[in-house]
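Chemist:
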């Protein structure tokens with residue numbers, strides 16, 4: 067998922083403003099108090115998971131306070147191939163395949179009251195085939211019933227026309243919204259048609275028309291139940307939105323307190339694991355892991371698992387940092403040791419000497 071555009075409507079001095087950010091490296095340049103830091107703080111607030119995410123008064127535009135339901139910060143993301151692959155693993159029932167052509171964009175918004183909302187650009191719809199088949203077979207059963215009307219009356223078998231008409235109304239193809247109230251008539255009609263088929267089956271003598279009605283009723287009941295199941299499912303777009311929201315990368319805001327990296331961290335210290343310093347949390351987050359994962363790997367007694375995690379962390383750091391830091395060749399190396407010791411080393415070939423951890427961690431930010 068690639069961030070492509072950001073919008074602000076009432077965050078500090080940023081009001082009704084937007085910026086395309088789909089380049090590999092983005093730099094915000096301007097004088098002091100121009101709003102550069104506000105952009106970063108606004109993005110961090112967008113994905114903040116604190117207990118009270120409502121926008122503080124100090125972060126609201128002073129000239130015009132945003133309304134409670136105003137979309138204060140919005141981010142647009144371009145859907146990529148790995149996102150599509152993840153969506154294909156879901157139990158979606160759509161009218162067309164999920165692809166980069168049918169799901170193109172995801173939007174994450176945050177209102178002033180802290181509520182997050184989402185949106186997508188997608189052409190996928192609920193699969194209409196179960197409803198079309200149910201409608202077709204229900205019409206056939208109704209036709210067979212009309213032809214056998216006199217026989218049913220002679221046998222004193224109840225006519226389920228009311229239930230059939232209600233189901234036909236629910237299957238109206240012009241209405242794309244499915245609710246529990248709309249699904250209910252399908253199940254009712256399926257039950258009465260099953261009852262009708264059973265009553266016909268109990269008759270000693272079955273005229274040809276009655277046998278055809280029994281078969282049509284059974285087929286329609288099966289199709290109606292399948293349509294009811296489809297109608298009870300969440301709309302594919304809702305499922306896609308929820309899945310993509312889970313894939314949105316969080317914005318990490320590096321402040322002064324986040325930059326002082328230590329050369330080593332001893333994770334056997336319980337207090338360190340339970341309350342890790344921000345620089346450590348940010349570092350391992352960029353490396354694609356967590357303090358708990360590192361602790362488990364270094365104390366699990368399996369050196370291969372520990373080295374595999376170490377390799378993956380360093381590869382992730384290399385892939386994420388090098389394209390963003392082009393002033394010089396920046397190398398970040400993490401080393402794991404049995405017992406929960408994490409060591410970090412940084413080099414930059416702009417000079418032959420090793421940079422300080424503070425300077426290099428600032429560069430990483």
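In my numbering, the protein residues as written are 67 to 431. For every residue, glycine included, the Cβ atom is placed at its ideal position computed from N, Cα and C. The structure presented is a predicted model; accordingly, all values stated were derived computationally and were not measured.
1. If I follow the unbroken beta strand (DSSP E) through residue 72, where does it start and stop?
2. How is the beta strand (DSSP E) around residue 184 delimited, first residue to last?
3. Would you report the Cα separation of residue 170 and residue 113, rounded to the nearest angstrom?
4. On the criterion of 16 or more Cβ atoms from any shown chain inside 10 Å, does residue 304 qualify as buried, or is it exposed?
5. Classify residue 246: buried if its beta carbon has 16 or more other beta carbons within 10 angstroms, exposed otherwise.
6. Around the C-beta of residue 215, are 16 or more other C-beta atoms found within 10 angstroms, so that it is buried, or is it exposed?
7. Quick one: residues in its chain with C-beta nearer than 7 Å to the C-beta of residue 82, no 5 flanking neighbours on either side, listed in chain order?
8. Expressed to the nearest angstrom, what Euclidean distance is found between the alpha-carbon atoms of residue 284 and residue 156?
9. To the nearest angstrom, report how far apart residue 177 and residue 126 are at their CA atoms.
10. Out of 256, 167, 168 and 220, which one is the CA nearest neighbour of residue 208?
11. Return the CA-CA distance between residue 420 and residue 366, expressed in angstroms with no decimal places.
12. Give the C-beta separation of residue 294 and residue 338 to the nearest angstrom, bearing in mind that I take them to be a contact with Cβ-Cβ under 8 Å.
13. Indicate the three-state DSSP secondary structure (helix, strand or coil) for residue 271 in the structure shown.
14. Below 9 Å between beta carbons: does that hold for residue 318 and residue 172?
15. Rank 144, 359 and 84 by C-alpha distance to the C-alpha of residue 186 and give the top, closest one.
16. Considering only the alpha carbon of each residue, which of 279, 302 and 136 lies closest to residue 243?
17. Can you grab the Cα-Cα spacing for the pair residue 142 / residue 202, in whole Å?
18. Please report the straight-line C-alpha distance between residue 272 and residue 233, rounded to a whole angstrom.
19. Judging by CA-CA distance, which residue of 153, 223, 118 and 121 is the nearest neighbour of residue 307?
20. Residue ranges of each beta strand (DSSP E) run of no fewer than 3 residues wholly in the stretch 127–154, ordered along the chain?
21. Can you tell me the Cα-Cα spacing of residue 359 and residue 192, whole angstroms?
22. CA-CA distance, residue 409 and residue 375?
Modeler: Judging by the given coordinates:
1. Within the chain shown, numbered from 1, the residue matching residue 72 stands at position 6. That run of the beta strand (DSSP E) goes 68–74.
2. For the purposes of this step, residue 184 is taken as residue 118 along the chain shown, with counting starting at 1. Segment 182–188, the beta strand (DSSP E) holding residue 184.
3. Within the chain shown, the letter at position 104 stands for residue 170. Within the chain shown, the letter at position 47 stands for residue 113. Straight-line Cα distance between these residues: approximately 21 Å.
4. Start at 1 with the first residue of the chain shown, and residue 304 comes out as number 238. Exposed, since its Cβ has fewer than 16 Cβ neighbours within 10 Å.
5. Position 180 of the chain shown holds residue 246. Exposed is the call here.
6. For this step, residue 215 is matched to residue 149 along the chain shown. Exposed.
7. Within the chain shown, the letter at position 16 stands for residue 82. So the list reads 75, once near-sequence residues are dropped.
8. Numbered from its first residue, the chain shown carries residue 284 at position 218. Numbered from its first residue, the chain shown carries residue 156 at position 90. In this structure, the CA atom of residue 284 is about 31 Å from the CA atom of residue 156.
9. By one-based count along the chain shown, residue 177 stands at place 111. By one-based count along the chain shown, residue 126 stands at place 60. Each residue's Cα considered, the two are about 12 Å apart.
10. Working through the chain shown from its first residue, we reach residue 208 at position 142. If we check each option's Cα against that of residue 208, 256 comes out closest.
11. To locate residue 420, count along the chain shown from 1; it is residue 354. To locate residue 366, count along the chain shown from 1; it is residue 300. Only weak support exists for where residue 420 lies, its pLDDT of 35 falling under 50; the coordinates are left without a value.
12. Your numbering for residue 294 matches position 228 in the chain shown. Your numbering for residue 338 matches position 272 in the chain shown. About 55 Å; that fails the 8 Å criterion.
13. Within the chain shown, the letter at position 205 stands for residue 271. Residue state, collapsed to three classes: coil.
14. As a position in the chain shown, residue 318 is number 252, starting the count at 1. As a position in the chain shown, residue 172 is number 106, starting the count at 1. Taking 9 Å as the Cβ cut-off, residue 318 and residue 172 do not qualify as a contacting pair.
15. Position 120 of the chain shown, counting from 1, holds the residue named residue 186. Among 144, 359 and 84, the Cα nearest to that of residue 186 is on 144.
16. Here residue 243 is taken as the residue at index 177 of the chain shown, counted from 1. Ranking the options by Cα distance to residue 243, first place goes to 302.
17. Translated into positions along the chain shown, residue 142 becomes position 76. Translated into positions along the chain shown, residue 202 becomes position 136. Rounded to whole angstroms, residue 142 to residue 202 spans 42 Å at the Cα level.
18. Counting from one through the chain shown, the residue named residue 272 turns up at place 206. Counting from one through the chain shown, the residue named residue 233 turns up at place 167. Cα to Cα, the separation comes out at about 27 Å.
19. The count along the chain shown starts at 1 and reaches residue 307 at position 241. Minimum Cα distance to residue 307 is reached at 153.
20. 137–144
21. As a position in the chain shown, residue 359 is number 293, starting the count at 1. As a position in the chain shown, residue 192 is number 126, starting the count at 1. So the two alpha carbons sit approximately 40 Å from each other.
22. The residue given as residue 409 occupies position 343 in the chain shown. The residue given as residue 375 occupies position 309 in the chain shown. So the two alpha carbons sit approximately 14 Å from each other.
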